[in-house]
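Start counting the sequence shown at 887; every next residue gets the next number (this note's numbering).
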Amino acid sequence: MSNTPKKTVDQLRSQRWLAGDGMRTFSHRARLAQTGWNRSDFMGRPVIGILNTWSDISTCHSHLRERAQKVREGVIRAGGWPIELPAMSLGEVWVKPTTMLYRNFLAMEAEELIRSHPIDGVVLMGGCDKTTPALLMGAFSVNLPCIFIPAGASSNSAFRGEKVGTGTHTMKYWNERRAGRFGDDDWQALEGCMTRSPGTCNTAGTASTMTAVAEVLGFTLPGAQSIPAMDSHHPRMCSEVGERIVAMVFEDLKPRDVATEASFHNAVKTVLAIGGSTNACVHLPAMAGRVGVNLPLDVWERYNQDVPVLANIMPAGDALMEDFFFAGGLRAMLSRIAPQLDLTCLTVTGKTLGENIAGAKVFDENVIRPLDNPVATQAIAVVKGNLAPRGAVMKPSAASTHLLKHTGPAIVFENFADMVARIDSPDLDVTKDSVLVLKNVGPVGAPGMPEAGNLPIPKKLLAEGVRDMVRISDARMSGTHYGTCVLHVCPEAAVGGALALVQNGDLISLDVPARTIELQVSEAELAQRFAAWQQAKPATMRYNRSYAALYQQHVTQADEGADFDFLQGSELLPEPTIF
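Listed below in structure tokens is the structure:
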């Protein structure tokens, strides 16, 4: 695409608010004067919104207040007028019951913030798990020029000589503590050094997975995904974004010029290569749906044989995101799978993906592996069968090899509270061959589809040395975690999926190489159980008011992205009336 300007100032949407001799435009300018702005600050300039998900309690984004200032400087330097708008922060660790409940909320907020204000182009500042898809979903629906700024991963950490990954080692050491092998002093010492700086999880968790998606889709500056939060490259990148978004406004380079079916398929391949989070299987269909692209679960299997895991990053590998940056970062990894990518896809630079990764080099062959020496052959698998007719996902690269083909009796938990109450009971009739089943933690059931799918190993099995089991649920799992966990079972239990019908002792067969998951119960028996389920009281709460009620009434299933049904689709709304 040519970087030649296509628009002039008088054609910008902000001029409806600011230019002319009407009473409303007068009152808008008067209010700006009220807060100390001169006419020369904003008249004749593109208005650039900065949607900032900073908050005091969102540790992934605690540096974004300062970074927003660098964006402002770049915008002003390029001749624009920046306005910063706060947006819901969605700090993963803090927001309960789950940030996934509020991903669609932030997507709506972003869409309406952009549409309702005199914004010509927008900079999206996020990075913690749900903020990346949410901000982009909102921007896609408005279709005004936008650039995404990844918050960046936190710095590498170590504990007593061992490199530790946020989330990954939290689970590892917590299991050891539950097994009685990790004392109070050790636990407190780990608490103080697990995460050393602001920024997102320093593993290939959901945050780094989705910022990689943002970059390969074409919505960041080249290389932005891999810059650590506290690296000096990060504020410099933010300043460059401020300059670039102003140019994009005049070039009229909009999200739907960039987000295409081909670019979404590039994103799937990138998630596979980075050994990314299974949460991408939920977020990508939702994002694609906002631009009219259908991205079914089967697309993951289409590329599984061609794109192995090349990023040796926890939880599948042993390095961290800062190592990935020093090894050449995402651009270098993309150069390794370039033959599998559509390099003609346009990006926010006005150049193609191929041009953006040209010349990228790998500086550490152990961190970014060559194709003939991958970390693992497959990152994500989609399994189907009578237990998951529309599919379920799991992560072979972070699972135990001996459990990828397994049959065992079910130990059933009807909901999360039931699991918490009984998982460590000495009376739980469980062995290492059992299959742990958690129901009613899907989009409708929880509600919000929390990261509960990595069920804890029962304490009495931990004492025996067991560290992994087959676990099945309609929940999600943190991208930083590991284990043989079958997730996103669809349809979910709360809407009558087969998962709702599983009973203690039922045999369940998982065969990941064959991509099957089967409940070994006859169709006649399942029909009887379904009739009984229809008459029973729901195992989880049904909300009659609040945002949670709206969520339960309108959320789609996991294979469709768990978006709201009324937000799906690519229809563009008219510009707001200025009354």
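We put the beta carbon where it would ideally sit given N, CA and C, even for glycine. Since the model is a prediction, treat every value here as computed from it, not as a measurement.
For S941, DSSP records no beta bridge to any residue. Taking C-beta separations shorter than 8 Å and ignoring five residues to either side along the sequence, the partners of M1080 in its chain run S1043, F1045, V1050, T1052, H1055, T1056, following chain order. The Cβ atoms of I1035 and G1012 lie closer than 9 Å to each other. A1278 sits buried, since 16 or more C-beta atoms from the chains shown fall within 10 Å of its C-beta. Look at the beta carbons and you see the region 1169 to 1183 not touching the region 1129 to 1138: under three pairs across the two are nearer than 8 Å.
A1410 and S1395 have their C-alpha atoms some 19 Å from each other. Look at the region 1111 to 1191 and you find these whole runs of alpha helix (DSSP H), each 4 residues long or longer: 1119 to 1137, 1141 to 1144, 1147 to 1160, 1166 to 1175, 1184 to 1190. N1390 sits exposed, since fewer than 16 C-beta atoms from the chains shown fall within 10 Å of its C-beta. When DSSP states are grouped into helix, strand and coil, F1452 belongs to the coil group. Within a 10 Å sphere around the beta-carbon of H1374 sit 16 or more other beta-carbons, which makes this residue buried. Following the DSSP letters along the chain, one finds W903 inside the alpha helix (DSSP H) bounded by residues 901 to 904. Note that the C-beta distance between P1333 and A1434 is below 9 Å. P972 is a Cβ neighbour of T939, given a cutoff of 9 Å. For the pair L1030 and V1009, the CB atoms are not nearer than the 9 Å cut-off.
With contacts defined as CB atoms closer than 9 Å, I1199 and I1243 fail to qualify as a contacting pair. Rounded to the nearest whole angstrom, the CA to CA distance from L1229 to A1145 is 13 Å. Taking the Cβ atoms as the reference, L1405 lies roughly 4 Å from L1273, within the contact range of under 8 Å. A direct Cα-Cα distance of roughly 12 Å separates D1319 from R1353. Counting only residues of its own chain and dropping the five nearest sequence neighbours on each side, G1369 has a CB closer than 6 Å to the CB of N1340, D1354.
The continuous stretches of beta strand (DSSP E) do not include K1247, and DSSP gives it neither H nor E. Our two residues, P1225 and N1152, have alpha carbons roughly 11 Å apart in a direct line. Setting aside the 5 residues that flank it on each side, L1216 is surrounded in the same chain by A1098, E1101, Q1111, S1112, each with a C-beta closer than 6 Å to its C-beta; the list follows chain order. Counting every other CB atom within 10 Å of its CB across the protein chains shown gives W980 a total below 16, marking it as exposed.
Inter-segment contact for the region 1184 to 1197 and the region 1264 to 1273 is present: three or more beta-carbon pairs are separated by less than 8 Å. Boundaries of the alpha helix (DSSP H) around D1304: 1302 to 1308. Residues A1296, V1298, I1358, V1388 of the same chain have their beta carbon placed closer than 6 Å to that of V1323, with the five preceding and five following residues left out of the count. Contact between R1130 and I1033 holds, with the beta-carbon distance rounding to 6 Å and staying under 8 Å. With a cutoff of 9 Å on beta-carbon distance, S1163 and G1365 are scored as near each other. Annotated three-state conformation of D1397 is strand, per DSSP. Using a Cβ distance threshold of 9 Å, S1083 and A1115 count as a contacting pair. In the structure shown, the three-state DSSP call for R910 is helix. Ranked by Cα distance from P1282, the options A996, P1201, D907, N1061 are led by P1201. Runs of the beta strand (DSSP E) spanning 3 or more residues and lying entirely within the region 947 to 1004 occur at 967 to 972, in chain order.
In the assembly as shown, L1459 is an exposed residue. Its beta-carbon has fewer than 16 other beta-carbons within 10 Å. Looking at the DSSP output, A1197 sits in a beta bridge with I1254.
For I1266, no beta strand (DSSP E) run applies, since DSSP gives it neither H nor E.
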